[in-house]
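Okay, so here's the structure we're looking at.
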Amino acid sequence: MTAPAAPEPAEPVARRVLIVSADIGGGHDATGRALEERIRAIWPGSRVGWVDTLDVMGPGVGRGFRRTYVTNVGVTPWLYEFFWASLWRHHWFAATAKWFTGSWAGRRLAPVVEAFDPDLIVSTYPLGSAGLAWLRRRRGLGVPVGAWISDFAPHPFWVYPNLDLNVVVHPAAMPVAAAAATGATLGVCAPPVLDSFRPGDRVAAARRCDLDPERAAVLVACGSYGFGAVEEAIQALVGVGDPIQVVAVCGRNERLAARLEALDVPPGRLVVRRWVDDMPTLLQAARLLVTNAGGATALEALATGTPIVMYRPIAAHGAANAALMAAAGLAETAHTPQTLVAGVRTRLRLPPRPVEVPPDGQLPDLGLSALAGSRGPADGPGGRLVPGAAEEYLAVGPPAAGDIAGRAALDDVRRSRPDDGDARGRDRGAAPARRASWPLRAQDAFFLYVQTPTEPQQIGTVLELGPRSEGVPVTRAQLIAMMAQRLPGITTLRRRPVDRGPWRRPGWVIERFVDPAAHLDEVHVPPGDDGTAAIDRFWSEPLPHDRPLWRLLLISGLPGDRTRLAIKLHHCLGDGISVIAVVRRLLDTVETPAARTRRKAPSSPPRAVTPEERPAGLAHARETVHRMGRIARGLARLATLGPTPRTPLNQRIDTSRRQLVNVSLPAADVLRAARGCRAHPSELMLALAAGALKSAHPDPVPPLLRVIFAVSRDARRRAPTQGNWTGAVSLDLPLRPMTPQDRVTEVRRRLREALGSGEVEAAGMVMRALGALPAPAHAALARRFYTSRRLNVVVSYMPTSFPMRVLADAPVLAAAPVVALAEDVHIGIAVLRSGASFEIGVILNAAFADVGNAIVAALRTGLAELLVETDTGVPGGTAGNGIRAAGRTGDAAAHDGVPVGADQGPRETPLVGETPGTATSGRTDRAVPPGVPRCA
């Protein structure tokens, strides 16, 4: 096969990668660390999450599996060998075992995958791969999924046709993997080890390891558990004499280390080490490695060029690895002390000759680029593996921008059978079943159900963009090129809802390729037109459901080479924080070249799910009782809220015409006023909204208006880029006459009382309970609850800010947020910290255009009066404060001379799950009042 010509390289795109591993031995995590290191090298700024498969499978599962493994290998190797052989001899047994463990692991991995929202998943553990294959088969897991096989000789539990790529470490392993699972897509990569495992100067390495450089170091390392005939091998080797120095690495086996230290051997002939952190240097210092499993340690030795002797390989996979490595000329085997000593003497008499693994047919970047460019699960059938073409045993589908090497390597061979691991089988002649899809969470399906022809449930933002670096406005073609490059790494923008039957919630399918040109429109306005009318039409039109639910509108022709970019997504894709996080992934951070240095892979992998974080015993019981009490109080509050106040703002209007008005309030003034009122900025902005609604409300003004206010309670469990994870409280805003500071005090009291009532937890439980109902009942109740019977106005405060960033080389000057409305709820107010200003977007039905303008004016006036009151102690007053409003002009840029992202006053909290240095780093909050959560 002739590889197609690779296109011009593109800027690498930061990705969200989930590594599925397990803490059972050290090999699975070691392979994961190598993959993480390479991920950060080829996709700078990527976020990598880890999950331990055994931990999420249930309490005590990891401990039980580890104990069973150690017992089988160390005490009953015949039983382990019988199980391993049965996988090869009996197809029904392998299929049943893979189906059982896959369904178990898959169900437990599903919430982790959903919460992390990866665009790429790599597995280094067989049961993790089984669970991911089950999710692909049963729930339509749509992101590319690959399995990296750290055993030299794969067994049936390692290989799955449902995965996009199964990667082995040598061409000799390809026929074995192909026999393990017919029809699987296979590839070969270099040994997946850290870059530090490479040949080096032996003498210098020996000195760094405090070894005798005059002796030949023979390293005995048998994995983290120290399995097998380790003592027998060491006793034989120390008898060789002074020409060699035996280095025993015992890993976590403290008993083995103690026994070896008690051996009566001449000084300096035996060095006992426990867990070793600098294994690369130790392998560089060694003339020979003696091991018995053929796993990660053997792969590290191959990468370092250290010769390998497999002594009395452990049962099952150890014996298979040793046989295949010996057949490939990469290792020697010894089964008695005499043959071990003879082999070592022979090796030492020969001049040092590093073992080399031929690079022929290897995928670049350990196969990660190939996986990123693979076809999705529903791109149609592909071909079988081509017999005799071992150097080109793999193919992945059409190219993904930025993955040039992977695109050139993969294009021919695909899976031939969709499901080789399902024990139940299927009728090969039956009509194709409905495409599997990932069910929407109840909270996300809620917003699909409440959509009406007049309330399309769209959220998003309007960005104000300055000229590009060359002094010209950004063009539609440039935005399309940027989107084409970023879309493969943003799963949220490739989700499309599909029907799963009349009684089930809709599902997601992830489109492998999305044409950004079909989602991006442009309106070129004449002089004197700021594009307001076009943006209003944009927010008035519903999104088509035959494609991913998002759309962009570029307004060009504005003075000063500026442009406006409106971005809208359906509310079912995410809440306000999710949408802002998606927009951030389209932006480029202004940073120095020093900030782009490669990040070193961690020595111990972080875990996305850690059982130690969960309270246990009495503490868990107390927390459960406390949580149930809060939920009970919240349910009582929800049941006694009563009807909403009657107001003409909720009259029936049979039109979806929208109008967007936005205003900028200086962050310094808002934060100064918040300090003066001893309030959080969210409380202050909510009070300003109450005052503005009072001023704009037509007579007669009711004493209260009920708003629904989104609240982010648990920062650790939300997905930063997809899904509705925030809770909400219902809050009655005071509209009766009072001073601005008294209104802030009253709003603060009401909000904290609502937050302490448990309403957020109760509302979340109700949303989840609705999801347990059949889809028609779920939809009917959602449409009944989310109307003007439960709320008058929508208010949202997003606890994040836009740092100084650029979009397609055009600086982002401001970002006005937009919220969705509800049936007969015609006004929504959203607040976002954007650099040196708080940007407020007011979306409303066009029938209330005058109300929108009045709200904007009242927000400016309310902040001015509040500043006068807090500064002088005199209620009310008028003062010129320099507050600029965007109003209907669309001019929502930051103040002159103050760049977007300038640090003024108390800082806001970061997006959930973000870490400094990633592509979505946020800010930290220095002072949040007790009991006040992050609001969204």
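Residue numbers for the sequence shown follow the working numbering, so the first one is 3 and each next one is one higher. C-beta atoms are modelled at their ideal positions from N, C-alpha and C, and glycine is treated no differently.
When you compare only the Cα positions, how much space is there between residue i and residue j?
i	j	result
Val585	Pro544	20 Å
Thr308	Leu290	6 Å
Asp119	Leu265	53 Å
Thr70	Gly64	10 Å
Leu640	Ala669	35 Å
Val278	Leu262	16 Å
Arg17	Val474	30 Å
Ala447	Trp440	12 Å
Pro647	Arg751	20 Å
Gln247	Ala181	42 Å
Gly76	Arg209	35 Å
Leu89	Arg443	37 Å
Arg890	Leu733	Only weak support exists for where Arg890 lies, its pLDDT of 40 falling under 50; the value from the coordinates is given anyway. Near 29 Å, if we compare the C-alpha coordinates of Leu733 and Arg890.
Gly21	Gly491	First, the amino acid is wrong: residue 21 is Ile here, not Gly. Using only the alpha carbons, I get a separation of about 16 Å.
Thr565	Thr103	54 Å
Pro518	Met485	6 Å
Ser376	Pro813	33 Å
Asn168	Arg254	30 Å
Pro339	Glu233	11 Å
What residues in its chain sit with their C-beta under 6 Å from that of residue i, if we drop five residues either side in the sequence?
i	result
Cys252	Gly228, Leu258, Ala259 and Arg276
Ala848	Arg659 and Gln661
Arg791	none
Gln724	Asp119, Thr494, Gly576 and Ser580
Ala568	Val464, Ile537, Phe540 and Leu555
Gly133	Gly104, Ala107, Gly108 and Leu111
Look up residue i in the DSSP assignment and give the residues it is bridged to.
i	result
Glu825	Thr789
Arg708	Asp734
Leu667	Phe840
Trp440	Trp510
Ile569	Thr463 and Leu554
Leu522	Leu554
Thr454	Glu457
Asp54	Ser23
Arg660	Asn847
Trp150	Val169
Thr335	Met312
Does the Cβ-Cβ distance between residue i and residue j come in under 7 Å?
i	j	result
Leu165	Val145	no
Leu793	Leu783	no
Met327	Ala318	no
Ala32	Asp54	no
Asp826	Thr874	no
Tyr162	Ala192	no
Pro736	Glu748	yes
Ala816	Glu841	yes
Gly296	Asn323	yes
Ala712	Gly864	no
Leu868	Ala675	yes
Ile123	Gly230	no
Go through its chain and collect everything with a Cβ distance to residue i's Cβ below 7 Å, but skip five positions before and after it.
i	result
Arg40	Asp367, Leu368 and Leu370
Val170	Ile151, Pro156, Met176, Ala179, Leu188 and Val190
Gln480	Ala810
Ala856	Ser697 and Ala698
Under three-state DSSP, which class holds residue i?
i	result
Leu643	coil
His93	helix
Tyr227	coil
Arg809	Before going on, a small fix: residue 809 reads as Leu here, not Arg. Strand.
Asp244	coil
Met312	strand
Arg386	Note that Arg386 scores 31 on pLDDT, short of 50, meaning its location in the model is unreliable; the coordinates nonetheless yield the value given after this. Arg386: coil per DSSP, three-state reduction.
Tyr799	strand
Arg200	coil
Cys679	helix
Cys191	strand
Ser418	Here Ser418 scores only 34 on pLDDT, less than 50, and its place in the model is too uncertain to base an answer on.
Could you pull out every residue in the same chain whose Cβ sits closer than 8 Å to the Cβ of residue i, ignoring the five residues on either side in sequence?
i	result
Pro550	Leu495, Arg496, Arg497, Arg498, Glu513, Val516 and His521
Thr138	It is Arg, not Thr, that sits at residue 138 in the sequence shown. Closer than 8 Å at the Cβ level, and outside the excluded window around Arg138, lie Val147, Asn164, Leu165, Pro379 and Ala438.
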